[in-house]
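Peer 1: So the mapping is simple: the working numbering equals the position in the sequence shown, first residue as 1, plus 10. Heads up, the beta-carbon is just placed ideally off N, CA and C, and yes, glycines get one too. These numbers come from a predicted model, not from an experiment. One structure follows; several queries about it will come next.
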Amino acid sequence: MAVRTAAEKPRGAPLSKPQIPVVVLAGFLGSGKTTLLNQLLRRNGGNRIGVIVNDFGSIEIDAMTVAGQVGSTVSLGNGCMCCAADASELDEYLQTLTRPAARIDVIVIEASGLAEPQELVKMLLASDNPRIVYGGLVEIVDAAEFGATRERHPEIDRHLAIADLVVLNKADRVGEAALDRLRGTLGEIGGGTPVITAQYGRVDAEVLFDPAARPEREERVRQLSFEDLYADEYNEHDHADHLHAAYESVDFTAQEPMNPRRLMDFLDTRPEGLYRIKGFVDFGAADPGNRYAVHAVGRFLRFYPEPWPRGAQRLTQLVLIGSGVDAGALRKELEACVQNEPQDIPDEHSMWGVLRFVPEEA
Ligand SMILES: Nc1nc2c(ncn2[C@@H]2O[C@H](COP(=O)(O)OP(=O)(O)OP(=O)(O)O)[C@@H](O)[C@H]2O)c(=O)[nH]1
Numbered sequence: 011m012a013v014r015t016a017a018e019k020p021r022g023a024p025l026s027k028p029q030i031p032v033v034v035l036a037g038f039l040g041s042g043k044t045t046l047l048n049q050l051l052r053r054n055g056g057n058r059i060g061v062i063v064n065d066f067g068s069i070e071i072d073a074m075t076v077a078g079q080v081g082s083t084v085s086l087g088n089g090c091m092c093c094a095a096d097a098s099e100l101d102e103y104l105q106t107l108t109r110p111a112a113r114i115d116v117i118v119i120e121a122s123g124l125a126e127p128q129e130l131v132k133m134l135l136a137s138d139n140p141r142i143v144y145g146g147l148v149e150i151v152d153a154a155e156f157g158a159t160r161e162r163h164p165e166i167d168r169h170l171a172i173a174d175l176v177v178l179n180k181a182d183r184v185g186e187a188a189l190d191r192l193r194g195t196l197g198e199i200g201g202g203t204p205v206i207t208a209q210y211g212r213v214d215a216e217v218l219f220d221p222a223a224r225p226e227r228e229e230r231v232r233q234l235s236f237e238d239l240y241a242d243e244y245n246e247h248d249h250a251d252h253l254h255a256a257y258e259s260v261d262f263t264a265q266e267p268m269n270p271r272r273l274m275d276f277l278d279t280r281p282e283g284l285y286r287i288k289g290f291v292d293f294g295a296a297d298p299g300n301r302y303a304v305h306a307v308g309r310f311l312r313f314y315p316e317p318w319p320r321g322a323q324r325l326t327q328l329v330l331i332g333s334g335v336d337a338g339a340l341r342k343e344l345e346a347c348v349q350n351e352p353q354d355i356p357d358e359h360s361m362w363g364v365l366r367f368v369p370e371e372a
């Protein structure tokens, strides 16, 4: 059995703003939301995950070794917290989970099977909690039941159309040909929303959020954890290559500044299947004082300007994560955004496109 070390953890460029992504898990009754959530809690990439359950009782608290309970929140043995909420209490729970003392890295909301996910998303986007950032709407679909569910609940098309990522779960219950057809149908309904195929909700946590950014204390000299054991057992017996085939991660670094207009053209027409973008952008002379942290999930895009740290190398570093994306083509498109001709020198309006995506408080 191989023991993984912190050094082997997947790389990422964590945003410097201490904002906590809030991911919404939605899907019809029995599609596998709780299974996926339990899976994320077990293979959490070192993150402390705060969980908000939209309908009390749906989470298998028994299965997760409850360690202690404080008020309406529950501390779980593996460093997760969980609380039950109805929609009106959402802000209050977000407040609780985003207190610095809770040290939560990611919040996952499991929407009840019948919830209208767009209402939750609207509430999140409208929240004035400065510590959170929208982390995407993940719609889970039962591969075996999709046809029947769609007949009974045509509104599923609406849910799929606004999802940022679709997880086609229960892939073990249908054949390859049926899976292909389903992917096609889901792609059409979602207008190019990335679709990841899964069994028992096994989705690599890195697709949904960054690996934990606190290596010092907890990762450097740590004992083999339950998560490591579980991951190794899973790798040996379940052929984790299924997981890794489900998405592609592309790293991009540029030494020269990016042209703001061309980068915005790229982002405005970002290819189907691209689910997340994170990292830092150097716009050179267009804003010499700041680098721009970028965070995109699905159609949601934000830039956060911040002064260059003293001594930092002026680089653009991006990580793009998607399903069915062409890594080579993405890299080429990004390379074409690099400012390398004298006529590229940005004019005074060139940053307008970028500034549309800077939140007011940034
Ligand atoms: N065969 C198979 N069964 C699965 C898979 N994923 C989940 N299940 C089973 O499907 C059932 C429903 O899964 P849940 O995770 O409870 O689904 P849910 O969406 O949370 O359900 P509600 O809370 O009722 O909305 C459970 O018995 C799971 O074990 C899968 O990929 N394949």
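#1: On the premise that Thr203 lies in contact with Glu120, defined as a C-beta separation below 8 Å, what is that separation, rounded to the nearest angstrom?
#2: Tell me Gln327's beta-bridge partners as DSSP assigns them.
#3: Over what stretch of residues does the beta strand (DSSP E) that includes Ser187 continue unbroken?
#4: Look up Met274 in the DSSP assignment and say whether it is helix, strand or coil.
#5: At a threshold of 8 Å, does Leu375 count as lining ligand 1 (C-beta to nearest heavy atom)?
#6: Give me the DSSP bridge partner(s) of Leu311.
#7: Do Arg312 and Val260 count as a contact pair if the criterion is CB distance below 9 Å?
#8: How about Glu186: is its Cβ closer than 8 Å to a heavy atom in ligand 1?
#9: Mind checking Gln29: buried by the 16 CB within 10 Å criterion, or exposed?
#10: Count the other C-beta atoms from every protein chain shown that fall within 10 angstroms of the C-beta of Glu165, then say buried if there are 16 or more, exposed otherwise.
#11: May I have the straight-line CA-CA distance separating Val34 from Ala322, to the nearest angstrom?
#12: How long is the line joining the alpha carbons of Trp318 and Ile114, rounded to whole angstroms?
#13: Counting pairs of beta carbons, one from the stretch 152–166 and one from the stretch 47–60, are three or more of them closer than 8 Å?
#14: Indicate, with yes or no, if ligand 1 has a heavy atom lying under 8 Å from the CB of Leu273.
#15: Kindly provide the ranges of any alpha helix (DSSP H) runs that are 4 or more residues long and lie completely inside the stretch 122–165, ordered along the chain.
#16: Once you ignore the five residues that flank Gly363 on each side, which residues in its own chain have a CB closer than 6 Å to its CB?
#17: Could you tell me if Thr326 is buried or exposed, where buried requires 16 or more neighbouring beta carbons within 10 angstroms of its beta carbon?
#18: Just to confirm my understanding: we take Pro127, look at its own chain, exclude 5 residues before and 5 after, and list those with CB closer than 8 Å. What are they?
#19: Just tell me which of Arg191, Met268, Gln209 and Glu198 has its CA closest to the CA of Asp182.
#20: With a threshold of 8 Å (Cβ to nearest heavy atom), would Gly363 be considered close to ligand 1?
Peer 2: Judging by the given coordinates:
#1: For this step, residue 120 is matched to residue 110 along the sequence shown. For this step, residue 203 is matched to residue 193 along the sequence shown. The Cβ separation is near 20 Å, so there is no contact.
#2: Residue mapping note: residue 327 aligns to position 317 of the sequence shown, counting from 1. DSSP lists Thr263 and Phe290 as partners of Gln327.
#3: The count along the sequence shown starts at 1 and reaches residue 187 at position 177. With the sequence shown as reference, residue 187 is identified as Ala, and Ser is not the correct amino acid for it. First-last for Ala187: Glu186 to Gly200, but that is the alpha helix (DSSP H), not the beta strand (DSSP E).
#4: By one-based count along the sequence shown, residue 274 stands at place 264. It is helical.
#5: What is shown of the chain runs 11 to 372, which leaves residue 375 out entirely.
#6: Taking the first residue of the sequence shown as position 1, residue 311 is located at position 301. Ala306.
#7: Taking the first residue of the sequence shown as position 1, residue 260 is located at position 250. Taking the first residue of the sequence shown as position 1, residue 312 is located at position 302. No; because the gap between Cβ atoms is not below 9 Å, this pair is not in contact.
#8: Here residue 186 corresponds to residue number 176 of the sequence shown, with the count starting at 1. Not so, every heavy atom of ligand 1 lies at least 8 Å from the Cβ.
#9: For the purposes of this step, residue 29 is taken as the residue at position 19 of the sequence shown. So Gln29 ends up on the buried side.
#10: Position 155 of the sequence shown, counted from the first residue, corresponds to residue 165. Exposed: under 16 other Cβ atoms inside 10 Å.
#11: Translated into the one-based positions of the sequence shown, residue 34 becomes position 24. Translated into the one-based positions of the sequence shown, residue 322 becomes position 312. When rounded, the distance between both Cα atoms is 35 Å.
#12: One-based indexing of the sequence shown puts residue 318 at position 308. One-based indexing of the sequence shown puts residue 114 at position 104. Distance between the alpha carbons of Trp318 and Ile114 is about 26 Å.
#13: no
#14: Position 263 of the sequence shown, counting from 1, holds the residue named residue 273. No.
#15: 127–136 and 156–162
#16: For the purposes of this step, residue 363 is taken as residue 353 along the sequence shown, with counting starting at 1. The residues are Met274.
#17: Taking the first residue of the sequence shown as 1, we reach residue 326 at position 316. Buried.
#18: Against the sequence shown, residue 127 aligns to sequence position 117. The residues are Val34, Ala36, Ala121, Leu147, Glu149, His169, Ile172 and Ala173.
#19: Residue 182 sits at position 172 when you count from the first residue of the sequence shown. Of the listed residues, the one whose Cα sits closest to Asp182 is Gln209.
#20: Indexing the sequence shown from 1 puts residue 363 at position 353. Checking the Cβ of Gly363 against ligand 1 gives no.
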